[in-house]
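Quick note on numbering: the sequence shown equals residues 977 to 1341 in our numbering. All C-beta atoms in this analysis are idealised placements derived from N, C-alpha and C, irrespective of residue type, glycine included. The structure presented is a predicted model; accordingly, all values stated were derived computationally and were not measured. Here's the structure we're looking at; comments come further down.
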Amino acid sequence: MGLKTPLYDTHVSLGAKIVDFGGWDMPLHYGSQIEEHHAVRRDAGMFDVSHMGVVDLSGARARDFLRHLLANDVARLKVPGKALYSCMLLPAGGVIDDLIVYFLGDSSFRMVVNAGTRGKDLAWIREHAAPFAVSVLERGDFAMIAVQGPQARDKVLALLPEALRPAAAGLNPFAGGEFGSWFIARTGYTGEDGFEIMLPVAEAAGTWGALRAQGVAPAGLGARDTLRLEAGMSLYGNDLDEEHDPLESGLAWTVAFDPNRDFVGRAALEKARSSLSRRLVGLLLEDRGVLRSHQKVITDPHGGAAVGEVTSGTFSPTLSRSIALARVPVSVGLRVQVDIRGKLHNAGVVKPPFVRHGKALIPLM
């Protein structure tokens, strides 16, 4: 038996197929992964993301600490509630985790880390926080629900007291704030608009039920994966890991090389960016089949050697064709071949995302 979120019994009562995910018992789907995917793209769906780690950081030197810890620069955060996406690196440049950090005040930040890495993340954060006298508090009193889709924000706003709705409706993308007992952020992992809500554990089941009553469809890990891949968003453990740095993982834009700031992993990244040999690209399968992680990518059809690898792959419900992210040589051309069960299949090289805000960004079949 794995760890359980506060909504576990709710998922079981709805007939969810439960699977292990990073040591947590989580819903894969509630009957139809495809229908859940389309609900998010066309209307609104919700995900239990209470397995994610919420960590509050406080202290007079909290900003200095995070400028040292993260590859992106929290000095960019000037307005309370504003969020920043970043990687947390090893000295050699590999990615310990990718995360979101919120600026709450001059000496207070909130961080959301991945479920499968939260143990090692907390140990790493605490080790590096000590010299800065920064307090690290894991918020086990929070559950977390992500509500995503073109109608998601309106359906969440309907649950708020009328006095709080204008401020919540006015949240900018990648910003959050406190609304009663909830912390609501305009963030997500689907390529659609929506909110991620951190709320007291005792309120989780009732809020889930209230969202269902508003017509928000429960969605599981299966739909979350196809949605994030269509949106070109990385998954830790697939597209990111400790063996690869952000520059070769499509996340160079998250590294702030401010000349006056040192951060963990900077020296390794400075060296890597002068001799970058691989990058992350999108693949669009041209033949029948399904792209999956770890399939070999051949960039030279004449040589036939496998020189790249699919990091994440799936069948896209929105596009009705197979898509993937793959790590390949920087010199890759516009077409490659992928080894699927011993047979070579043609694929086009494209720039992610594949879908954003419900719109296909590449040709449909």
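Beta-carbon separation of residue i and residue j under 8 Å?
{"i": "H987", "j": "D1024", "result": "yes"}
{"i": "D1074", "j": "C1063", "result": "yes"}
{"i": "M1174", "j": "N1090", "result": "no"}
{"i": "P1293", "j": "H1013", "result": "yes"}
{"i": "D1263", "j": "V1177", "result": "no"}
{"i": "L1267", "j": "M1002", "result": "no"}
{"i": "V1325", "j": "L1337", "result": "no"}
{"i": "D1169", "j": "P1126", "result": "yes"}
{"i": "P1149", "j": "L990", "result": "no"}
{"i": "L1301", "j": "G1258", "result": "yes"}
{"i": "G1092", "j": "H1220", "result": "no"}
{"i": "G1153", "j": "L1147", "result": "yes"}
{"i": "L1135", "j": "A1186", "result": "yes"}
{"i": "V1112", "j": "L1033", "result": "yes"}
{"i": "T1192", "j": "A1020", "result": "The question names Thr, but residue 1192 is Val in the sequence shown. Yes, the Cβ-Cβ distance between V1192 and A1020 is below 8 Å."}
{"i": "A1047", "j": "L1065", "result": "yes"}
{"i": "H1044", "j": "V1240", "result": "yes"}
{"i": "V1016", "j": "L1203", "result": "yes"}
{"i": "L1256", "j": "E1224", "result": "yes"}
So if DSSP puts residue i in a beta bridge, which residue, or which two residues, is it bridged to?
{"i": "Y1061", "result": "I1076"}
{"i": "G923", "result": "Because the chain in this structure spans residues 977 to 1341, residue 923 falls outside the shown range and cannot be described."}
{"i": "S1034", "result": "S1084 and S1111"}
{"i": "Q1124", "result": "G1021 and G1170"}
{"i": "T1383", "result": "It is not possible to answer for residue 1383, since the shown part of the chain is limited to 977 through 1341."}
{"i": "M1002", "result": "V995"}
{"i": "V1325", "result": "L1259"}
{"i": "K1272", "result": "E1285"}
{"i": "Y1212", "result": "L1216"}
{"i": "F1159", "result": "E1154 and M1174"}
{"i": "D1201", "result": "None; D1201 has no bridge partner."}
{"i": "P1305", "result": "R1254"}
For the putative contact between residue i and residue j, defined by C-beta atoms under 8 Å, what is the C-beta separation to the nearest angstrom?
{"i": "S1269", "j": "N1214", "result": "6 Å"}
{"i": "A1038", "j": "S1084", "result": "7 Å"}
{"i": "A1151", "j": "A1144", "result": "The pair is not a contact, with the Cβ atoms about 11 Å apart (cut-off 8 Å)."}
{"i": "P1305", "j": "G1208", "result": "Actually they do not touch by this definition, with Cβ atoms about 20 Å apart."}
{"i": "H1333", "j": "G1167", "result": "7 Å"}
{"i": "A1139", "j": "P982", "result": "Contact flag wrong, Cβ pair sits at about 27 Å."}
{"i": "V1031", "j": "E1103", "result": "So it is not a contact: roughly 14 Å between Cβ atoms."}
{"i": "W1184", "j": "I1121", "result": "7 Å"}
{"i": "T1290", "j": "L1205", "result": "5 Å"}
{"i": "V1308", "j": "Q1271", "result": "V1308 to Q1271, Cβ: 15 Å. No contact."}
Exposed or buried, residue i, counting other C-beta atoms within 10 Å across all chains shown (16 or more means buried)?
{"i": "I1010", "result": "exposed"}
{"i": "E1172", "result": "buried"}
{"i": "K1131", "result": "buried"}
{"i": "P1067", "result": "exposed"}
{"i": "W1100", "result": "buried"}
{"i": "R1254", "result": "buried"}
{"i": "P1107", "result": "exposed"}
{"i": "L1252", "result": "exposed"}
{"i": "R1237", "result": "exposed"}
{"i": "V1286", "result": "buried"}
{"i": "D1201", "result": "buried"}
{"i": "G1164", "result": "buried"}
{"i": "V1331", "result": "buried"}
{"i": "F1233", "result": "exposed"}
{"i": "R1094", "result": "buried"}
{"i": "E1246", "result": "exposed"}
{"i": "W1158", "result": "buried"}
{"i": "M977", "result": "exposed"}
{"i": "W1000", "result": "buried"}
{"i": "S1250", "result": "exposed"}
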